[in-house]
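Take the sequence shown: its letter number 156 is residue 158 in our numbering, and every next letter is one higher.
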Amino acid sequence: MDPIHGLKLRRLAAADLDAVVAIDAAAGARTRRAYFERRLAAALRQPELHLQFAAEENGALVGHALARVLEGEFGRTRPGLRLEVIGVAPAAQRRGIGRALHAALEGEAGKRSIAEFRTAAAWRDHAMLRFLAGAGYALADALVLDSALRENPLLARPESFSSPSRDKSGDPNDWSAPQANDFEQLARDVADVRLLSAKDIDEVVRIDQHITGRDRRAYVQHALDEALRESGVRISLAARIDGVMAGYVMARADLGDFGRTEPVAVIDTLGVSPEYAHRGIGHALLQQLFLNLDALRIERVETLVAVRAAALLGFFLDAGFAPAQRLAFVKNLS
Numbered sequence: 003m004d005p006i007h008g009l010k011l012r013r014l015a016a017a018d019l020d021a022v023v024a025i026d027a028a029a030g031a032r033t034r035r036a037y038f039e040r041r042l043a044a045a046l047r048q049p050e051l052h053l054q055f056a057a058e059e060n061g062a063l064v065g066h067a068l069a070r071v072l073e074g075e076f077g078r079t080r081p082g083l084r085l086e087v088i089g090v091a092p093a094a095q096r097r098g099i100g101r102a103l104h105a106a107l108e109g110e111a112g113k114r115s116i117a118e119f120r121t122a123a124a125w126r127d128h129a130m131l132r133f134l135a136g137a138g139y140a141l142a143d144a145l146v147l148d149s150a151l152r153e154n155p156l157l158a159r160p161e162s163f164s165s166p167s168r169d170k171s172g173d174p175n176d177w178s179a180p181q182a183n184d185f186e187q188l189a190r191d192v193a194d195v196r197l198l199s200a201k202d203i204d205e206v207v208r209i210d211q212h213i214t215g216r217d218r219r220a221y222v223q224h225a226l227d228e229a230l231r232e233s234g235v236r237i238s239l240a241a242r243i244d245g246v247m248a249g250y251v252m253a254r255a256d257l258g259d260f261g262r263t264e265p266v267a268v269i270d271t272l273g274v275s276p277e278y279a280h281r282g283i284g285h286a287l288l289q290q291l292f293l294n295l296d297a298l299r300i301e302r303v304e305t306l307v308a309v310r311a312a313a314l315l316g317f318f319l320d321a322g323f324a325p326a327q328r329l330a331f332v333k334n335l336s
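Laid out in structure tokens, this is it:
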């Protein structure tokens with residue numbers, strides 16, 4: 003792509019916050035200042051996990067792009083980059099500034115041996131869909147699933163919930179598939195479910211290694227940091243039985259990712275130790291998560307599941323999730 007005369011691309015800085023918020027607010031109905039404050043602070047704290055670029059003309063910010071390194075969400079093995087936000091000031095649009103920002107992300111991603119970009123967009127956001135198509139994205143082999151909490155059976159009827167898949171055979175990738183009678187009691191009564199904390203790192207690594215067969219301490223450490231520090235509120239949970247961690251769910255509640263303008267909780271990782279499989283731990287974690295989110299007035303929860311992960315997909319469908327009005331996209335760089 004030919005360079006745009008007078009356009010300067012550089013790393014986003016903390017001093018750019020006001021300009022970023024103004025550009026974003028011009029494209030939407032509300033300001034997302036708190037979201038951008040957290041993302042800029044996170045990039046300064048962990049630069050190896052964030053790529054953030056600014057486009058500047060005549061000393062004024064006219065565009066920005068924010069992306070986050072993907073290391074291992076739901077067992078991912080290929081290094082990737084999650085495109086979170088890309089915005090251009092209204093007066094500077096249709097001049098290729100968005101494409102220039104994306105090219106800057108791609109150039110830096112290549113230096114880091116990042117193999118793919120991932121993002122999501124509402125299927126009715128025609129402008130974003132055109133941009134992604136022009137940038138070389140294709141539909142990903144994954145589904146965005148979500149649930150309206152007030153309609154979710156784990157929250158709407160916590161005292162009685164029957165699983166439609168109770169006769170499903172076990173699967174080594176189905177970390178929380180229920181056996182018969184799992185839901186004849188309150189799901190979260192099967193374990194002591196509390197907030198996840200930084201001191202839980204060793205147990206989370208142990209469970210993750212049992213599930214994946216790999217030592218992913220660096221990924222788990224970064225995921226914990228995001229869950230406990232970068233998110234607007236702490237909502238990640240651990241389930242214990244007789245004092246031993248049986249499972250965990252890492253989630254974040256933020257206003258801003260992928261252009262969302264309403265608070266949504268996003269589940270990044272859920273794991274149940276194999277020795278506690280088929281005992282309702284996964285549903286117990288989700289039920290407590292939903293109760294906590296409801297108290298925070300967060301109305302929807304979302305996750306991303308690979309279509310080939312049939313057992314995990316079935317688990318979330320059983321737990322009241324359904325395909326969202328958002329599409330997952332991928333761009334391979336190799």
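Glycine is no exception: its CB is placed at the ideal position from the N, C-alpha and C atoms.
Collapsing the DSSP output to three states places residue 136 in a helix. The beta carbon of residue 91 sits closer than 6 angstroms to those of 25, 64, all from its chain and outside the five residues before and after it, given in chain order.
In this structure the segment 274-291 lies against the segment 194-212, because at least three pairs of beta carbons, one per stretch, are closer than 8 angstroms. With a 10 Å radius around the Cβ and a threshold of 16 neighbouring Cβ atoms, residue 201 comes out exposed. Ranked by Cα distance from residue 71, the first of 138, 98, 314, 121 is 121.
Here the alpha carbon of residue 89 sits roughly 12 angstroms from the alpha carbon of residue 96.
Residue pairing by DSSP places residue 331 opposite 121, 141 in a beta bridge. Rounded to whole angstroms, the separation of the alpha carbons of residue 55 and residue 49 is 12 angstroms.
Using a Cβ-Cβ distance cut-off of 8 angstroms, the segment 280-298 and the segment 122-132 are not in contact, since fewer than three pairs of beta carbons, one from each stretch, lie closer than that value. It is roughly 13 angstroms from the alpha-carbon of residue 153 to the alpha-carbon of residue 300. As the crow flies, the alpha-carbon of residue 229 is around 16 angstroms from that of residue 265. Listed as beta-bridge partners of residue 252 by DSSP are 271. Going by beta carbons, residue 238 and residue 247 fall outside the 9 angstroms limit.
Counted as a single uninterrupted DSSP element, the stretch harbouring residue 194 is not any alpha helix (DSSP H) but the beta strand (DSSP E) occupying residues 194-197.
Under a 10 Å Cβ-count criterion, residue 100 is classified as buried, with 16 or more other Cβ atoms of the shown protein chains found around its own Cβ.
The criterion of a C-beta distance shorter than 9 angstroms is not satisfied by residue 306 and residue 195. Annotation for residue 223: 203 place their beta carbon closer than 7 angstroms to its own, counting only its chain and skipping 5 residues before and after. A direct Cα-Cα distance of roughly 10 angstroms separates residue 19 from residue 41. Taking the Cα of residue 9 as reference, the smallest distance to any Cα among 315, 103, 285, 137 is reached at 103. Sequence-distant Cβ neighbours of residue 116 in its own chain, meaning closer than 8 angstroms and more than five residues away, are 71, 81, 82, 83, 335. Secondary structure note for residue 82: its beta strand (DSSP E) is the uninterrupted segment 82-90. Separation of the CB atoms of residue 286 and residue 242 is rounded to 11 angstroms, and the pair is thereby denied contact status at 8 angstroms. According to the DSSP assignment, residue 205 belongs to the alpha helix (DSSP H) that extends over 203-214. Within the model, the alpha-carbon separation for residue 108 versus residue 150 is close to 35 angstroms.
The secondary-structure analysis by DSSP pairs residue 65 across a beta bridge with 57, 90. The shortest CA-to-CA distance from residue 284 to any of 302, 199, 267, 156 is the one to 156.
The distance from the Cβ of residue 148 to that of residue 302 is about 6 angstroms, consistent with a contact at the 8 angstroms cut-off.
Boundaries of the alpha helix (DSSP H) harbouring residue 101: 99-113, taken from the DSSP string. Per DSSP, residue 302 lies in no alpha helix (DSSP H); the unbroken beta strand (DSSP E) holding it starts and ends at 302-308. Distance from the CA of residue 29 to the CA of residue 280, rounded to the nearest whole angstrom, comes to 46 angstroms.
In the structure shown, residue 276 adopts helical secondary structure according to DSSP, grouped into three states.
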